[in-house]
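**Q** Residue numbers (the numbering used here): -7 to 256.
No residue lacks a Cβ here, since even glycine has one placed at the ideal position from N, Cα and C.
(1) Considering only residues of the same chain and omitting the five flanking positions on each side of residue 173, which have a CB-CB separation below 8 Å?
(2) Under 6 Å Cβ to Cβ from residue 147, same chain only, skipping five residues before and after it: list those, please.
(3) Given a cut-off of 8 Å on the beta-carbon distance, is the pair residue 112 and residue 66 in contact?
(4) Can you give me the Cβ contacts of residue 246 inside the same chain, cut-off strictly under 8 Å, excluding the 5 residues immediately before and after it?
(5) According to DSSP, is residue 151 part of a helix, a strand, or is it coil?
(6) Is the segment 44 to 55 touching the segment 100 to 107, taking contact as three or more C-beta pairs under 8 Å?
(7) Is the beta carbon of residue 199 sitting closer than 8 Å to the one on residue 181?
(8) Using 8 Å as the cut-off, can you tell me whether the segment 81 to 96 makes contact with the segment 144 to 159, which would need three or more C-beta pairs spanning the two stretches below that distance?
(9) Can you have a look at residue 132 and say buried or exposed, based on whether 16 or more other CB atoms are within 10 angstroms of its CB?
(10) Nearest CA to the CA of residue 136: which residue from 76, 156, 158?
(11) Measure the CB-CB distance between residue 12 and residue 29 and report whether it falls below 8 Å.
(12) So for residue 219, helix, strand or coil by DSSP?
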């Protein structure tokens, strides 16, 4: 039987727009190189396809520089999907653009109506619960509204808190299997993963925490050799993707796709 926390038949990505170089960033570390960003996105799509999944590549949205970070627009679960309400005003339109595509794959499609805000980058679905991190982009009202929706599908939701200065909860963690997380020491120190098996990022390699377990592989950003070695030693099949340009826009591996099994 497939495990819906990491085994997926479908994934949605979106081609970066030329306007992506003007995307949001918490700290200016330089303008992304558009050609490299596109090449990296192609490599990401190829890595997903290599697992046997159907990869849907939506067209670029020039009006929304951050629209290739599709994960923030929705939460895809076994029971249904939820269109998010991003906490950055310039990103609100991205969720509406994603809704018609999700409707092709889900008979039960809900929406976060507000007034709260919530982004997919703050949501981690494990084998036992949905963890949602409060952050600059996700507030208490957004968490509460989502909790009410997912309870209809039998999910337990637990609110946790993202460390100060960290954009999204999943900036600092990712799921390796239903009961194991890859996590930074600073997030682990909060105790939010008590009871889970924890694999820690190496010192100075905190950005490696935003990886994705997708079917039989773990996709992670290149440039974090000690963390990659740790995962390899623990038996995970690691595929490394260059992420230098997305990183300038606060983006990582999970941000670039919505991973799901259709429920029609």
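**A** This is what the structure holds:
(1) 116, 118, 165, 166, 167, 185, 188, 189, 190, 191
(2) Cβ-Cβ distances below 6 Å link residue 147 to 122 in the same chain, with the five nearest sequence neighbours on each side left out; the list follows chain order.
(3) yes
(4) 63, 113, 162, 166, 202, 203, 204
(5) strand
(6) no
(7) no
(8) no
(9) exposed
(10) 76
(11) yes
(12) Here residue 219 sits in helix by DSSP.
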